[in-house]
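Read the structure below first, then the notes.
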């Protein structure tokens, strides 16, 4: 039954925003109709802008498995919808996806950046590998002079 609510959610978010047609069977009785609804939902949200890596498998929702994937997918859908200014209120936990901010640099700024020398970033004093031993090397244990001379 969860698939029905997912399809309704999609209609509420996307159809109001973009008038995108999305077919789903209102009263699915056969298992393949239910799975087709879920598959149509997944295809539609991918077209809407949700990354494929955030989407769950059809079987996950149909067999009520791996809910964390389903929740991640719905969170990603909410983030994409908010970035596209969907006309519904969003809770505080929905993170808005950042927009591209293309930067334009003049030739003077680029040449000024090339003149920076690495020592301006910080010091390189005290940076050495003195006393470091490579991994896997056995410890070199030396006997002390006191033990060699039997001077306890």
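Numbering (full-length UniProt numbering), first residue to last: 1 to 152. All residues carry an ideal CB built from backbone N, CA and C; glycine is no exception.
{"Query": "Would residue 57 pass as a contact of residue 46 if the rule is Cβ separation under 9 Å?", "Result": "no"}
{"Query": "If you run the structure through DSSP and keep just helix, strand and coil, what is residue 75?", "Result": "helix"}
{"Query": "For the putative contact between residue 50 and residue 76, defined by C-beta atoms under 8 Å, what is the C-beta separation to the nearest angstrom?", "Result": "5 Å"}
{"Query": "With DSSP run on the structure shown, which of helix, strand or coil describes residue 36?", "Result": "helix"}
{"Query": "Would you call residue 88 buried or exposed, if buried means 16 or more other Cβ atoms sit within 10 Å of its Cβ?", "Result": "exposed"}
{"Query": "Alpha carbon to alpha carbon, what distance is there between residue 107 and residue 38?", "Result": "52 Å"}
{"Query": "Can you tell me which of the three DSSP states residue 82 falls into?", "Result": "helix"}
{"Query": "Determine the closest residue to residue 30 out of 12, 82, 95, 62, with distance taken between C-alpha atoms.", "Result": "62"}
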